[in-house]
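Heads up: the structure comes next, in structure tokens.
Protein chains: 2
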Amino acid sequence: MKSEIKWTDKMHFSAKIRHHEHGMDAKAEFGGEDSAPSPKELLLSSIAGCTAMDVVSLMKKMRVDFKTFRVSAEADTTESHPRVFKVVHLKFYVDGENPDLEKIKKSVEMSLTKYCGVSAMVSKVSPLDYEILINNQVAATGKAKFEI
Amino acid sequence: MKSEIKWTDKMHFSAKIRHHEHGMDAKAEFGGEDSAPSPKELLLSSIAGCTAMDVVSLMKKMRVDFKTFRVSAEADTTESHPRVFKVVHLKFYVDGENPDLEKIKKSVEMSLTKYCGVSAMVSKVSPLDYEILINNQVAATGKAKFEI
């Protein structure tokens, strides 16, 4: 797979991924104009998206009864260069009438120990932890652990 | 920093990063509809964008004479889970009347040994190599090396 990005002006880049396009920019403090997410912010989307796709697939396979599903990824960066995420905090929000916590826990664990390639790639430098919230109540917590 | 993604349907997620929004989707073979880049493709944009912003800043500081600047990031993934990038291949394309190769090499080296946090985060699992192309001719090659 491939992304090709083209510099347009200041810190603005337009990215092309097959037939898809998106922008990247820096905030004013880094010489940009904040017209689009920063590369590091997009990495958080990439981590959240990778594990969320695993979890939604697994929840469907296990017939978990859920109505809405959200994932947030949040991180602070180190002060010294290279500025990397200290810890990536993931929150899995599952809402529904009666979602099965054990199956949800199993889905998240499978993603964050075996399947999620993006999380695995960053995990040696930036550890990941997670909370599972069922109808906005914290129901479980854990950490990513990959054997790579 | 934070990204929050919301499941909309099948494998489609809408991401919100502050006031910015973007989509993610999977290809049909993974149960999606390919309406947006995949999380792993976005990681390639993130890597390319992170190093490209360093390099464009450094080239400007060193007064490199360039007209256009593009960066591509390309990778194959492993067959076994977690599917990670085997190697990330970066190509830096600098076009101009008479761009100074030594200064461009210095800029790329500084990014990929010291500054680029996104590359640093993946580098322990997925090594990165690069080519620098001046007016479409390969002028230098190298590898990322971070001390973290």
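Line by line, the protein sequences give chains A and B.
According to the working numbering, the stretch in the first sequence is residues 1 to 148, in order.
According to the working numbering, the stretch in the second sequence is residues 1001 to 1148, in order.
Positions of the beta carbon are idealized from the N, C-alpha and C atoms, including for glycine.
Computed from a predicted model, the values in this text were never measured in an experiment.
Distance between residue j and residue i (C-alpha atoms, nearest Å)
| i | j | result |
| --- | --- | --- |
| B:E1021 | B:Y1130 | 30 Å |
| B:K1143 | B:K1002 | 30 Å |
| B:S1107 | A:M110 | 40 Å |
| A:A52 | B:N1098 | 47 Å |
| A:W7 | B:K1067 | 10 Å |
| B:S1119 | B:G1032 | 28 Å |
| A:D9 | A:V64 | 47 Å |
| B:I1005 | B:S1038 | 13 Å |
| A:I47 | A:N135 | 23 Å |
| A:S14 | A:A26 | 12 Å |
| A:M194 | A:G96 | Past the edges of chain A, shown from 1 to 148, lies residue 194 of chain A, and the structure says nothing about it. |
| A:K86 | B:E1147 | 15 Å |
| B:H1012 | B:D1100 | 44 Å |
| A:T77 | B:A1140 | 31 Å |
| A:F69 | A:S126 | 25 Å |
| A:L112 | B:L1112 | 28 Å |
Residue i burial status per 10 Å Cβ neighbour count (16 or more: buried)
| i | result |
| --- | --- |
| B:M1062 | exposed |
| A:E102 | exposed |
| A:F30 | exposed |
| A:A28 | exposed |
| A:S80 | exposed |
| A:K60 | exposed |
| B:V1094 | buried |
| A:V138 | exposed |
Cβ distance (whole Å) where residue i is taken to contact residue j below 8 Å
| i | j | result |
| --- | --- | --- |
| A:K124 | B:K1124 | 4 Å |
| A:V84 | B:G1117 | 5 Å |
| A:K114 | B:P1082 | 6 Å |
| A:K91 | A:L133 | 6 Å |
| B:G1049 | B:S1035 | That pair is no contact at about 21 Å. |
Residue i Cβ short of 7 Å to the ligand ATP heavy atom set
| i | result |
| --- | --- |
| B:K1016 | By its list of ligands, the structure shown contains no ligand whatsoever, and the ligand ATP lies outside what it can speak to. |
4 or more residues per run - each alpha helix (DSSP H) lying fully within the region 1055-1141 of chain B
1101-1110 and 1117-1123
Quick check: the region 12-19 of chain A against the region 43-60 of chain A, are there 3 or more CB pairs under 8 Å?
When C-beta atoms of the region 12-19 of chain A are compared with those of the region 43-60 of chain A, fewer than three pairs fall below 8 Å, so the two segments do not count as touching.
So, do the region 1068-1087 of chain B and the region 1032-1046 of chain B have three or more beta carbon pairs nearer to each other than 8 Å?
yes
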